Amino acid sequence: MPNIQDKVVVITGASSGIGAETAKVLASKGARLVLGARRKDRLFRVVGELRESGGTALAEPTDVTRFDEVQRLAQFALDAFGEIDVLVNCAGIMPVSPLSMARMEEWNRVIDTNIKGVLHGIGAVLPAMKERGEGHIINLASIAGHQVFPNMAVYCATKHAVCALSEGLRKENPEIRVTLISPGMVATELTESIELEVYRKGFQEAYLRQAMTPKAVASAITYAINQPPSVEINEVVLRPTSQEV
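Residue 336, in our numbering, is where the sequence shown stops; the numbers in between run on with no holes.
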């Protein structure tokens, strides 16, 4: 894929799931990767595996809820490679609870991760991209960004926000490519962020039956990156074939 070879790609949430799988696919296509995630041991394990396979990858432990840490990740990439071609905002959590429970701490955590984390990524890389006059920002939303599910109102609200932020980013910055990826069920650790067991068990059973692999989403991200500079894939919605909603 000639439009991926040697591109510098920063990925948040890269220690597992979609982030780690995207890193694997892009490394095999010749991208130069800078990976960020909170779980240091797992993050460096992913980088080690990529390097063993011949890929070019660096790691910088990063909590996306902290703007200073995301800025450090971006600067780390700039210092190492001189530029950032692509940012993949992949970090996210999915708590589930009815609004009537008023789980304020949980609400703040999902807002900090799913909305502020995306904003922190945008804010960290956009100045350098605009100075170069090019770049590509890919935000991971969800089908929950296009509809609302019971007991998931706050999570859905955060993903609706990612959709709105992506569209605003696109309209404000015509020189920057912006892509929104909205997956359905994906076999990742996302359901482990559901604290209430009564909901976590049901979601895990549903995901076990229906979820697609992270590679399916990584392939969509790779497709968007591989387009020529004159082509912008604005939005991709993908679900397991058996998922009705």
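Ideal Cβ placement from N, Cα and C applies to all residues, glycine included.
Since the structure is predicted, the reported quantities are computational estimates derived from the model, not experimental observations.
DSSP beta-bridge partners of Glu326: Against the sequence shown, residue 326 aligns to sequence position 235. Its beta-bridge partners are Leu271.
Write down the C-beta distance between Asn264 and Asn94 rounded to the nearest angstrom, noting that I regard them as a contact closer than 8 Å. Indexing the sequence shown from 1 puts residue 264 at position 173. Indexing the sequence shown from 1 puts residue 94 at position 3. Actually they do not touch by this definition, with Cβ atoms about 20 Å apart.
Same chain, Cβ closer than 7 Å to Phe240, five either side skipped, listed in chain order: In the sequence shown, counting from the first residue as 1, residue 240 sits at position 149. For Phe240, where only same-chain residues beyond five positions count, the Cβ hits under 7 Å are Cys247.
Going by DSSP, name the residue or residues bridged to Ile102. Counting from 1 along the sequence shown, the entry for residue 102 is found at position 11. Looking at the DSSP assignment, Ile102 forms a beta bridge with Leu126, Val179.
For Leu260, name the three-state secondary structure that DSSP assigns. Reading the sequence shown from its first residue, position 169 is the one you call residue 260. For Leu260, the three-state secondary structure derived from DSSP is helix.
At the level of alpha carbons, what is the spacing between Pro186 and Ser273? In the sequence shown, residue 186 corresponds to position 95, counting from 1. In the sequence shown, residue 273 corresponds to position 182, counting from 1. C-alpha separation (whole angstroms): 17 Å.
On the three-pair Cβ rule with 8 Å, is the region 226 to 235 touching the region 180 to 194? Yes, the region 226 to 235 is in contact with the region 180 to 194.
At a cut-off of 8 Å, would you count Val99 as near the ligand COA, judging by its Cβ distance to the nearest heavy atom? Absence of the ligand COA from the depicted structure is noted, as is the absence of any ligand whatsoever, leaving it without description.
My output table needs one value for Thr113: the three-state DSSP class, helix, strand or coil. Indexing the sequence shown from 1 puts residue 113 at position 22. Note: Thr113 maps to helix in three-state DSSP.
Would you check if the region 251 to 271 and the region 308 to 326 touch, i.e. whether three or more CB-CB distances between them fall below 8 Å? Here the region 308 to 326 lies against the region 251 to 271, with 3 or more beta-carbon pairs under 8 Å apart.
Beta carbon of Val328 nearer than 9 Å to that of Val308: Indexing the sequence shown from 1 puts residue 328 at position 237. Indexing the sequence shown from 1 puts residue 308 at position 217. Against a cut-off of 9 Å, the Cβ pair of Val308 and Val328 comes out as no contact.
Per DSSP, Val277 forms a beta bridge with which residues? Sequence index remark: in the sequence shown, residue 277 carries index 186 (1-based). Partner(s): Met303.
Round the Cβ separation of Thr153 and Ala128 to the nearest angstrom and send it over; I've been treating them as touching at under 8 Å. Here residue 153 refers to the residue found at position 62 of the sequence shown. Here residue 128 refers to the residue found at position 37 of the sequence shown. Distance from Thr153 to Ala128 at the Cβ level is roughly 6 Å; contact confirmed, criterion being Cβ atoms closer than 8 Å.
For Leu149, write down the residues that DSSP places opposite it in a beta bridge. For the purposes of this step, residue 149 is identified with residue 58 of the sequence shown, where counting begins at 1. Under DSSP, Leu149 forms a beta bridge with Val125.
Using CA atoms only, rank isn't needed, just tell me which of Ala150, Asn325, Val336, Val125 is closest to Lys131. Within the sequence shown, the letter at position 40 stands for residue 131. Closest option to Lys131, judged by alpha-carbon separation, among Ala150, Asn325, Val336, Val125: Ala150.
Starting from Asn230, follow the beta strand (DSSP E) in both directions and report where the run begins and ends. In the sequence shown, residue 230 corresponds to position 139, counting from 1. Under the DSSP assignment, Asn230 falls in the beta strand (DSSP E) whose first and last residues are 227 to 231.
Per-residue DSSP class, three states only, for His211: Residue mapping note: residue 211 aligns to position 120 of the sequence shown, counting from 1. DSSP places His211 in helix when its eight states are reduced to three.
Determine the contact status of His227 and Asp176, defining contact as a CB-CB distance below 9 Å. Counting from 1 along the sequence shown, the entry for residue 227 is found at position 136. Counting from 1 along the sequence shown, the entry for residue 176 is found at position 85. It is a contact, given that the beta carbons lie within the stated cut-off.
Ignore the nearest five residues each way along the sequence and tell me which others in Gly259's own chain have a CB closer than 8 Å to its CB. What you label residue 259 is simply residue 168 of the sequence shown in a count that begins at 1. Closer than 8 Å at Cβ, skipping near neighbours: no residue.
Relative to the C-alpha of Ser107, which candidate in Gln96, Val99, Val138, Gly121 has its C-alpha closest? As a working mapping, residue 107 is identified with position 16 in the sequence shown. When only C-alpha atoms are compared, the closest one is Val138.
Contact the region 194 to 201 vs the region 212 to 220: 3+ CB pairs below 8 Å: Two segments are said to touch when three or more pairs of C-beta atoms, one from each, lie closer than 8 Å; by this definition the region 194 to 201 does not touch the region 212 to 220.
Give the DSSP-derived three-state secondary structure of Glu286 in the structure shown. What you label residue 286 is simply residue 195 of the sequence shown in a count that begins at 1. Coil.
In terms of alpha-carbon separation, which member of Lys98, Asp159, Ser333 lies closest to Arg300? For the purposes of this step, residue 300 is taken as the residue at position 209 of the sequence shown. Of Lys98, Asp159, Ser333, the residue nearest in Cα terms is Ser333.
Selection from Leu190, Asp203, Glu174 that minimises the alpha carbon distance to Glu221: As a working note, residue 221 is residue 130 in the sequence shown. One detail in the question is off: residue 221 reads as Lys in this sequence, not Glu. When only C-alpha atoms are compared, the closest one is Glu174.
Would you kindly report the start and end of the unbroken alpha helix (DSSP H) that includes Gly139? Locating residue 139 in the sequence shown gives position 48, counting from the first residue. In the DSSP assignment, Gly139 falls within the unbroken alpha helix (DSSP H) covering 131 to 143.
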